[in-house]
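> The following block contains the structure, expressed as structure tokens.
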Amino acid sequence: HAGQVDEICAAGRSHWRQLEIEQRTFPQTALALADLAQRGWRMGLLVYGPLSANETRRQLDRMGILRHFEHLICSGEIDATLTEQRAWTGVLDQLGVPAESVGYLAHDDRLLSTAHAFGVTAMAYQCSHARADLHLRELRELRELPSFAHCGPAMQAA
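Residue 342 is where the sequence shown starts when you use the numbering used here, and the numbers rise one by one after that.
So this is what it looks like as structure tokens:
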């Protein structure tokens, strides 16, 4: 049965490579990022997942959005999951800013709740049931938040 295991592993690697190639952003992401960067927002990306920072950079570059991010923090680099408040201590230490100067955009209720509880402005994207400070249906709604243009990095989950 070792041959079957090898075949399954090879199929899994092939599927993973295809997923990496097809990785896409939400609709309007590139346009929204370009708009925010033009308006002076300092942006970072907080990635919750198994990829290393180098792998994530390659994916973002392939998607054409890497240039918009001043900071890239992968959850593995902060030695905590984003559902733990100590993760936010690590994130803010790396950014060098206070919690109240950070906006966090995500579409996962657990992640938003933790950010909100830590004092970060939680912005729920297409997640109306989330416990968050703001609820956005479309990324272009970020244009209506002028206060973040003056207060520091805006973090976004992938």
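Virtual Cβ for every residue (Gly too), placed ideally from N, Cα, C.
Below 8 angstroms on the Cβ atoms is my contact criterion, and I expect GLY385 with LEU436 to pass it. Report the Cβ-Cβ distance as a whole number of Å.
About 7 angstroms separates the beta carbon of GLY385 from that of LEU436, a gap short enough to meet the 8 angstroms contact definition.
> Among LEU486, TRP382, HIS470, TRP429, whose alpha-carbon lies nearest the alpha-carbon of VAL461?
TRP429
> Using three-state DSSP, classify LEU477 as helix, strand or coil.
Strand.
> Find out if the Cβ-Cβ distance for the pair ALA463, ALA473 is shorter than 8 angstroms.
yes
> At what residue ranges does the region 411-448 contain a whole run of the alpha helix (DSSP H), taking only runs of 4 or more?
426-436
> Since LEU387 is in the alpha helix (DSSP H), which residue starts that stretch and which ends it?
Note, LEU387: premise wrong, no alpha helix (DSSP H); beta strand (DSSP E) at 383-388.
> Is there contact between the region 394-401 and the region 413-425, where contact requires at least three CB pairs shorter than 8 angstroms?
yes
> Are the CB atoms of LEU486 and TYR466 within a distance shorter than 8 angstroms?
no
> Contact check, GLN369 vs GLU479 under 8 angstroms by CB: the rounded distance?
7 angstroms
> Looking at the structure shown, is ALA463 part of a helix, part of a strand, or coil, going by DSSP?
strand
> Which term fits GLY390, buried or exposed, when burial requires 16 or more other beta carbons within 10 angstroms of its beta carbon?
exposed
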